[in-house]
Amino acid sequence: MASEVVTYLAGALLAALALPSVAMAQATGPIPLTLGFANLAGTDAALLVDQDKVALGPLFKRVAAPEPTKIPAADVLFLYVHLNPDGTMRGTKSGVRQVVELTKAKILVASPNPSESITKAVALPGPKTANMVFTLDRRGPNFTRFFRSLFERMHGGQDMLLAWVELAPQGPSQSPDLPTTILVTEAGRLAFPK
9 MASEVVTYLA
19 GALLAALALP
29 SVAMAQATGP
39 IPLTLGFANL
49 AGTDAALLVD
59 QDKVALGPLF
69 KRVAAPEPTK
79 IPAADVLFLY
89 VHLNPDGTMR
99 GTKSGVRQVV
109 ELTKAKILVA
119 SPNPSESITK
129 AVALPGPKTA
139 NMVFTLDRRG
149 PNFTRFFRSL
159 FERMHGGQDM
169 LLAWVELAPQ
179 GPSQSPDLPT
189 TILVTEAGRL
199 AFPK
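The working numbering applies: residue 9 is where the sequence shown begins, and numbers increase by one.
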């Protein structure tokens, strides 16, 4: 009898712990925002754009993916770009903050670049109105898996910073199942509308 009570209590505790993630998974319908893809890297990034669009596009009500070199207005923008050593985008004198300003994006996710260029990009002047994610290593399908989980949690009502820390706990050792990224939180605790 005592072991049955312990088993029941353990099961009830596990169920209670799972409730927040179940509630998040039950957010109805697509995220009522625009997901954009801006390929400024040309053929170097064409395959990545296609992979990301297929994996993440179905989560959103609208997807904007114009031809390469065009930048769509979007709430969440994936930017495929080569950064110069000074942090500007290759072929321009502009930085990623100008892209944020132009598109009104609240979340910008940039393609893989060297950490030195990312550090310089973050230091460039411009509006600080978006949470920006700079990628160092996508780690294959782990990249889209991570962002899909992040966006699903945000659609369920969790703010970006809390969801990020739960998915990618901070510390000296990181899981090899996560992309290697740098999160610059200038827009703060964003959540998606339901």
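Note that the Cβ used here is the ideal one computed from N, Cα and C, for glycine as well.
Whose CA, out of the options, lies closest to the CA of residue i?
{"i": "HIS90", "options": "THR111, LYS128, GLU75", "result": "LYS128"}
{"i": "ALA7", "options": "GLY179, ALA72, SER157", "result": "Within the shown structure, residues of the chain are numbered from 9 to 202, placing residue 7 beyond reach of any answer."}
{"i": "LEU43", "options": "LYS78, VAL84, SER125", "result": "VAL84"}
{"i": "PRO120", "options": "LYS136, MET97, PRO135, GLY134", "result": "MET97"}
{"i": "GLY134", "options": "PHE45, ALA49, GLU194", "result": "GLU194"}
Which partner residues of residue i appear in the DSSP bridge assignment?
{"i": "ARG70", "result": "THR42"}
{"i": "MET97", "result": "LEU91"}
Helix, strand or coil for residue i, going by three-state DSSP, please let me know.
{"i": "PHE86", "result": "strand"}
{"i": "LEU132", "result": "coil"}
{"i": "LEU116", "result": "strand"}
{"i": "THR77", "result": "coil"}
{"i": "VAL62", "result": "helix"}
{"i": "SER181", "result": "coil"}
{"i": "THR127", "result": "helix"}
{"i": "ARG197", "result": "coil"}
With residue i as the anchor, note down where its alpha helix (DSSP H) starts and where it stops.
{"i": "PHE151", "result": "150-163"}
{"i": "LEU7", "result": "Lying outside 9 to 202, the shown extent of the chain, residue 7 is not represented and no answer is given."}
{"i": "LEU110", "result": "104-111"}
What are the boundary residues of the beta strand (DSSP E) that includes residue i?
{"i": "ASP145", "result": "139-145"}
{"i": "LEU48", "result": "Note, LEU48: premise wrong, no beta strand (DSSP E); not H, not E."}
{"i": "THR193", "result": "188-193"}
What separation, rounded to the nearest whole angstrom, lies between the Cα atoms of residue i and residue j?
{"i": "LEU67", "j": "ASP58", "result": "15 Å"}
{"i": "GLY185", "j": "ARG147", "result": "Note on identity: in this sequence residue 185 is Asp, with Gly being the wrong assignment. If you take the alpha carbons of ASP185 and ARG147, they lie about 8 Å apart."}
{"i": "VAL108", "j": "VAL141", "result": "12 Å"}
{"i": "LEU64", "j": "ARG70", "result": "11 Å"}
{"i": "ALA82", "j": "PRO201", "result": "15 Å"}
{"i": "ILE39", "j": "ASP52", "result": "29 Å"}
{"i": "LEU132", "j": "ILE190", "result": "16 Å"}
{"i": "ALA199", "j": "GLY164", "result": "9 Å"}
{"i": "ARG197", "j": "GLU75", "result": "32 Å"}
{"i": "ARG105", "j": "ARG161", "result": "26 Å"}
{"i": "ASP73", "j": "THR188", "result": "Before going on, a small fix: residue 73 reads as Ala here, not Asp. Cα to Cα, the separation comes out at about 25 Å."}
{"i": "ASN139", "j": "LYS78", "result": "21 Å"}
{"i": "LEU144", "j": "THR111", "result": "23 Å"}
{"i": "ALA46", "j": "THR152", "result": "16 Å"}
{"i": "GLY215", "j": "ALA54", "result": "With the chain covering only 9 through 202, there is no way to say anything about residue 215."}
{"i": "ALA176", "j": "LYS136", "result": "23 Å"}
{"i": "ASN150", "j": "VAL130", "result": "24 Å"}
For chain B, find out if any of its Cβ atoms is closer than 8 Å to the Cβ of residue i; answer yes or no.
{"i": "PHE86", "result": "Absent from the structure: chain B. Only one protein chain is present."}
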